[in-house]
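Residue numbers (full-length UniProt numbering): 1 to 263. Every residue gets a Cβ at the ideal spot worked out from N, C-alpha and C, and that includes glycine. Okay, structure first, notes after.
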Ligand code: ADP
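Here it is in structure tokens:
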């Protein structure tokens, strides 16, 4: 894979919380336009990986490289977490640059409760990315329309169903125009009847060519949507490969046991 078509390269990512080692050297490569589903038992470190990619967690070692923004002079960004001597301020700047290149969709939506739908969507692009408000509003309205929520733009999150809130969460991520979309169990907090609408939106984004990492327990969805499935356990990648192979014909016993339980 040439550096230009890799949107994400993770090397040797390690993280401990006190004496609890959560990531034990994770490598991950995602070419532009590809979708990776991250699966595995609860507590295996999946969320910690996503949070590390999004600058919300600081790993103890390893590196993360996120590809260049399209139509921009900025080159790829590499953050080396092994560099313990880096001053705090410089590290904070790196984490914020990392955050600017990816966008996260959270399990519990994490919308700002005191802001309307539209305000939630435009907050990052206007306040953080300093883009012109009128342009951002026009784009936000288009995106809301696309997920069927334009008429809800002045509503507050508590007035929406979980599925609607999560679609706003997705629109909020898209409005940041990230290189990489990160989904952390995007449907696991939803009532079963609301899951399909949200999965349909995510599938559409995959078909459109967004580069994404999706942590999910929805294995049927992963099989339809992901190019690659990565199975993790205890902070390690146990098995990875094309979705159909890992989910239908897993080689490792731990993957077999996990997949058998969920499919
Ligand atoms: P998964 O997403 O696969 O369920 P997580 O990445 O959420 O796994 O968690 C992996 C481990 O890290 C768990 O043992 C969890 O308790 C621990 N952990 C995650 N975040 C923190 C934190 N902020 N402080 C202490 N322990 C944490």
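Distance between residue j and residue i (C-alpha atoms, nearest Å)
i	j	result
residue 237	residue 187	23 Å
residue 246	residue 137	42 Å
residue 93	residue 57	13 Å
residue 232	residue 134	43 Å
residue 264	residue 5	Because residue 264 is not part of the residues shown, which for the chain are 1 to 263, the question remains open.
residue 252	residue 37	17 Å
residue 125	residue 167	17 Å
residue 2	residue 208	Here the model assigns residue 2 a pLDDT of 48, short of 50, so the residue's position is not dependable and the matter cannot be decided.
residue 219	residue 256	13 Å
residue 43	residue 24	13 Å
Residue i in three-state terms, based on DSSP
i	result
residue 224	helix
residue 20	strand
residue 80	strand
residue 157	helix
residue 147	coil
residue 250	coil
residue 258	helix
residue 107	coil
residue 179	coil
Anticipated Cβ contact below 8 Å, residue i with residue j, distance rounded
i	j	result
residue 110	residue 169	7 Å
Run of the alpha helix (DSSP H) containing residue i, from where it starts to where it stops
i	result
residue 90	88–101
residue 204	192–208
residue 240	Premise fails: residue 240 lies in the beta strand (DSSP E), 236–242, not in any alpha helix (DSSP H).
residue 61	Segment 61–66 is the beta strand (DSSP E) holding residue 61; no alpha helix (DSSP H) there.
residue 118	117–123
Limits of the beta strand (DSSP E) - the one that residue i falls within
i	result
residue 188	Neither: residue 188 is in no beta strand (DSSP E) and is coded neither H nor E.
TODO: Tell me, please, whether the segment 104–118 touches the segment 145–164 by the rule of three or more beta-carbon pairs shorter than 8 Å.
DONE: Enough Cβ pairs lie closer than 8 Å, so yes.
TODO: Assess, as a yes-or-no matter, whether the segment 44–59 is touched by the segment 88–105 under the definition of 3 or more beta carbon pairs within less than 8 Å.
DONE: Taking 8 Å as the limit for Cβ pairs, the verdict is that the segment 44–59 does touch the segment 88–105.
Open item on the list: Would the segment 197–216 count as touching the segment 172–188 if we require 3 or more Cβ pairs under 8 Å?
Closed with: Contact between the segment 197–216 and the segment 172–188 is present: three or more C-beta pairs spanning the two stretches fall below 8 Å.
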